[in-house]
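Q:
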Amino acid sequence: MSGPIIPIHWRDMKLYYYRGNNFGDKLNPVIWDALIPELVDEDDSTLLVGMGTLINSRVPVEPQKLVFGSGVGYNKAAQVDDKWKFYCVRGPLTAAALGLDKQVAITDPALLLTRVVNQPVAPTGEVVFMPHHSSMLNADWAPFCAKAGITFLDPEADMHEVLAKIRGAKLVIAEAMHAAIVADAYRVPWIPVQCYEHILGFKWEDWCQSMSVPYRPQTLPSVWDIDKTLGPRDRLAANVKRGLRGVGIWKGDWTPPPPAKNVRQVEDAVVGALSKLAGSGESYLSDERLQGVALERLLAKIDQLKRDYAIVAA
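As numbered in UniProt numbering, residues 1 to 314 make up the sequence shown, in order.
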């Protein structure tokens with residue numbers, strides 16, 4: 001049996017992730033800074049490709065890429081060469097898309113959060129709903145949640161506060177995939193929903209298959225109130241375009257206007273759908289034993305990463 005690693009120092013790497021103001025993406029530094037602080041730096045000659053749908057053509061070509069739990073799905077496919085090393089990927093669909101051995105598919109590394117944030121949280125008994133962060137641009141979902149008697153979780157709010165709300169909830173209704181992943185990690189039942197066409201079913205299927213749970217999203221009515229985010233000129237242009245298209249004056253190369261506001265028209269349907277899900281919706285939770293196996297496999301890959309990038313005394 002080999003002895004412990006006694007490094008002289010570590011080969012540094014830069015954490016590569018989408019640095020948006022979004023709950024799932026903000027989990028990256030929390031997890032990696034806690035579990036491998038000795039490795040993560042700003043040396044961009046080596047990239048640790050972390051949590052998210054990141055394996056695509058946007059990843060810089062020149063650096064060495066170490067993939068730990070990421071997935072495919074957005075943008076053009078990455079050109080995988082000898083500068084890519086895969087410790088694990090998000091799920092079996094990603095592994096198949098990249099031609100990797102199925103054993104490389106473990107699960108989303110957000111499961112590691114349970115090893116980082118594990119202080120007791122008092123149950124609140126709340127049902128909570130988190131939309132996808134892009135859905136926040138289309139409408140304000142908070143009033144609908146309030147009328148349905150459930151708690152709205154803003155995916156752009158303070159990550160630790162949102163995490164505590166998820167951990168204390170009795171049910172999580174999730175359009176944002178990482179709301180479901182984190183709920184599952186902390187053994188809180190969850191229901192997947194889809195409110196808009198921008199939801200990428202592939203990444204949900206990828207993660208769900210990794211945990212042997214079905215992906216059967218419930219469809220909620222799309223709510224549109226984009227005009228509130230537009231300036232006066234853009235709002236006027238949108239209204240003119242809607243009017244022209246309404247009377248048949250339109251060219252195929254014109255940029256279409258955003259959908260017209262429909263908050264009042266769909267309010268009852270949205271509130272009713274949310275209330276029904278909160279009261280009697282079919283929820284999901286992965287098998288606890290399977291989850292434990294996935295967590296141990298992720299931790300073993302962390303150990304392997306440390307061994308690979310420790311510079312030890314001869």
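All C-beta atoms, glycine included, are put in the ideal place defined by N, C-alpha and C.
1) Does Ile173 pass the burial test, meaning 16 or more other C-beta atoms within 10 Å, or should it be called exposed?
2) Rounded to a whole number of angstroms, what is the C-alpha to C-alpha distance between Val271 and Gly168?
3) So if DSSP puts Val49 in a beta bridge, which residue, or which two residues, is it bridged to?
4) So the candidates are Gly248, Arg19, Asn262, Val30; which of them puts its Cα closest to the Cα of Asp140?
5) In chain order, what are the residue ranges of uninterrupted beta strand (DSSP E) at least 3 long that sit wholly in the UniProt domain "Polysaccharide pyruvyl transferase" (49-193)?
6) Pull up the distance between the alpha-carbon of Ser286 and that of Gly24, whole angstroms please.
7) In angstroms with no decimal places, state the Cα-to-Cα distance between Lys165 and Gly248.
8) Using CA coordinates, which residue listed in Arg233, Glu296, Ile199 is at the minimum distance from Arg115?
9) Along the beta strand (DSSP E) that carries Ala310, what are the first and last residues, could you check?
10) Can you give me the C-alpha to C-alpha distance between Ile36 and Ile226, rounded to a whole angstrom?
11) Sort out for me which residues DSSP pairs Val40 with in a bridge.
12) In whole angstroms, give me the CA-to-CA distance for Val128 and Leu47.
13) Strictly by DSSP, which residues pair up with Thr219?
14) Applying the criterion that 16 or more other CB atoms from any shown protein chain within 10 Å of the CB defines a buried residue, is Thr94 buried or exposed?
15) Does the contact criterion of 3 or more C-beta pairs under 8 Å hold for the stretch 177-195 versus the stretch 58-78?
16) To which residues of the same chain is Ser283 closer than 8 Å at the C-beta, ignoring the five residues directly before and after it?
17) Got a sec: does the ligand HEM put a non-hydrogen atom nearer than 7 Å to the Cβ of Ala97?
18) Rounded to whole angstroms, what is the Cα-Cα separation between Leu15 and His133?
19) Using the beta-carbon count (16 or more within 10 Å), is Glu62 buried or exposed?
A: From the atom records:
1) buried
2) 23 Å
3) Tyr16, Val67
4) Asn262
5) 64-70, 84-89, 127-130, 171-174
6) 19 Å
7) 49 Å
8) Glu296
9) 310-312
10) 41 Å
11) Met13
12) 35 Å
13) Gln194
14) buried
15) no
16) Leu171, Pro189, Trp190, Ile191
17) The model on display carries no ligand, and the ligand HEM is accordingly not part of it.
18) 22 Å
19) exposed
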